[in-house]
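For the sequence shown, the numbering used here assigns the number 475 to the last residue and increments by one with no breaks.
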Amino acid sequence: MIKVDISHVWGQIALPDLLAMEKEVAQAHATLVDGTGAGNDFLGWQNLPTREPTEEILRIQSAARKIRNDSDVFVVIGIGGSYLGPRAAIELLQGPNHNMGKGKGDPQIYFAGNGLSTRHWNELSRLLEGKDFSIAIISKSGTTTEPAIATRALRAKLEEKYGVEGAKSRIYAITDPCKGALRQMANEEGWETFVIPANVGGRFSVLTPVGLLPLAVAGVDIMELMNGAMDAKESYDLRSFDNPVWLYAAVRNLLYRNGKSMEIFESFEPGFKMFGGWWQQLFGESEGKDGKGIFPVTAEFTADLHSLGQMIQQGQRNIFETMVRFDAPAEKMVIGGDEKNLDGLNYLEGRTLDFVDEKAFLGTLAAHVDGGVPVITMDCGELNDRKVGEMFYFLELCCGVSAYILDVNPFNQPGVEFYKRNMFKLLGKPGYESK
Ligand code: PA5
């Protein structure tokens, strides 16, 4: 079980205030699970975890085997909820340099269509030169501009290399079961397709083919991941403050009510950065509406202690932190000795890097708490495929409960449309001239 420790928030909130929230949290949890709240037509994510492979998971595993055999590179096209989840899990499990030394048999994985940078496109184009590759196009609506442009360009590259027919067997579409331009294209062109259920929103879709196909291609055991999610679904249904979901959702709302309007979600693992990005979208898009919401920020320690550290320690006191911890890996790095000891490090000779990391964690925790920043710690235990599935479901649940405590609809994102409307008008998209 993921352990949420709130012993470093006292002083900023009081125990009676937390206990007084019991009814409110119970109500929010029931509203979510019983499907009686705002946005209840997007609760399909709660039914995604499974112990046995479904027919679609078997198809995903078989497509992944084919891609691993016939591709040096797999390009995953998508943005927002159709992108962050798989990248988060791959980087958390395999590190930010996961592509190093990979090729056919265990393809490199790159992401496209998550922005409009020509430099990024040029870099990807060069990278694909002389390589066998396949693509996954992920879009729930099937009409998002960034992935649509990347799809057009990468499809042209595939057709140039393999011919129109050859390209077809290297394109996988992940989209709505019936609606949207991508669904129509996939049906007409005869591409293999996987479904994002209509009742699952983008940022809650990582346990659908959106996450599962790229992860299976990356060599992640997706049934272990799904079992982890199922563990979470079963373990975190508890209706009391013994449930870490309750603790996290309640404490962050109490802190918010006490003026802590920004949360830094952080870890001491460089591979955690994109997971932080996934969390940022999950909480930011779910809670940031009606003039409310905790502003979600992510950080990587110890690196960011040398950039954000000053601000956290002595800047505006409107922040709290959630520090995510994992067990140390079995393979150790031991610090060596040096006869001259010019760097003065001999006092650490024979110590492991983990030992130093643990002290950095404890030192940071104490410093920030002393500086008036409440810190929640989240101990996730051993980092593996199953754990990542548990973390995804756990945080989705926390997000739903927390947003209902905040009294907002966790499952819509009307604000995302505003920039699109302006962009379409500026681009001269038919139908948007007068908007
Ligand atoms: O959470 C969301 O709904 C968004 O972030 C979407 O995932 C994102 O805008 C991409 O949309 P689509 O999958 O329709 O291309």
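Just so it is clear, CB atoms sit at the ideal spot from N, CA and C, and this is done for glycine as well. Note that this is a predicted model, so its numbers are computed, not measured.
Is the beta carbon of residue i within less than 7 Å of some heavy atom of ligand 1?
i    : result
V456 : yes
E325 : yes
G125 : no
S209 : no
T184 : yes
I119 : yes
R223 : no
S174 : no
G241 : yes
P414 : no
P187 : yes
S301 : no
K180 : yes
S498 : Beyond the ends of the chain as shown, which are 41 and 475, falls residue 498; an answer cannot be given.
Q28  : This structure leaves residue 28 out entirely; the chain is present only between 41 and 475.
Q453 : yes
For residue i, count neighbouring Cβ atoms within 10 angstroms of its own Cβ and tell me buried if that reaches 16, exposed if not.
i    : result
C438 : buried
W286 : buried
P414 : buried
N109 : exposed
P470 : exposed
N227 : exposed
H48  : buried
G170 : exposed
M463 : exposed
Quick one: Cα of residue i to Cα of residue j, how far?
i    : j    : result
L132 : G125 : 11 Å
A54  : G412 : 15 Å
E327 : A290 : 14 Å
Y433 : L58  : 24 Å
A339 : G268 : 25 Å
E95  : F114 : 23 Å
E205 : P187 : 22 Å
K427 : K201 : 40 Å
E232 : I211 : 7 Å
G75  : P249 : 24 Å
T362 : I334 : 13 Å
I175 : P147 : 12 Å
E92  : D378 : 54 Å
N386 : F173 : 49 Å
G135 : P310 : 7 Å
A238 : P369 : 39 Å
A70  : N293 : 17 Å
Excluding five sequence neighbours on each side, which residues of the same chain lie with their C-beta closer than 8 Å to the C-beta of residue i?
i    : result
G220 : S179, K180, S181, G182, T183
V396 : I375, L388
A372 : Looking at the sequence provided, one finds Lys at residue 372 rather than Ala. These residues qualify, in order along the chain: T392, L393, D394.
I189 : G153, L156
L446 : N293, Y296, E327, K332, G333
Using a Cβ-Cβ cut-off of 6 Å (strictly less than) and excluding sequence neighbours within five positions of residue i, which residues of its own chain qualify?
i    : result
S275 : M41
E325 : R243, Q453
G421 : D367
Going along the chain, which residues of its own chain have a beta-carbon closer than 7 Å to the beta-carbon of residue i, five neighbours each way excluded?
i    : result
A256 : I100, Q101, A104, I262
N358 : G299, K300, S301, M302
A538 : Any answer about residue 538 is impossible in this case: the structure gives the chain only from 41 up to 475.
For residue i, tell me which candidate among the options has the shortest Cα-Cα distance.
i    : options               : result
M270 : E436, I445, I375      : E436
D330 : R357, N449, N137      : N449
I119 : Q354, R279, L156      : L156
A193 : T158, A78, V409       : T158
K43  : F366, G153, L88       : F366
I236 : E398, A78, D410, L88  : L88
A407 : L423, G121, M351      : M351
N424 : L247, S442, V260, E62 : V260
G429 : L198, Y123, A272      : A272
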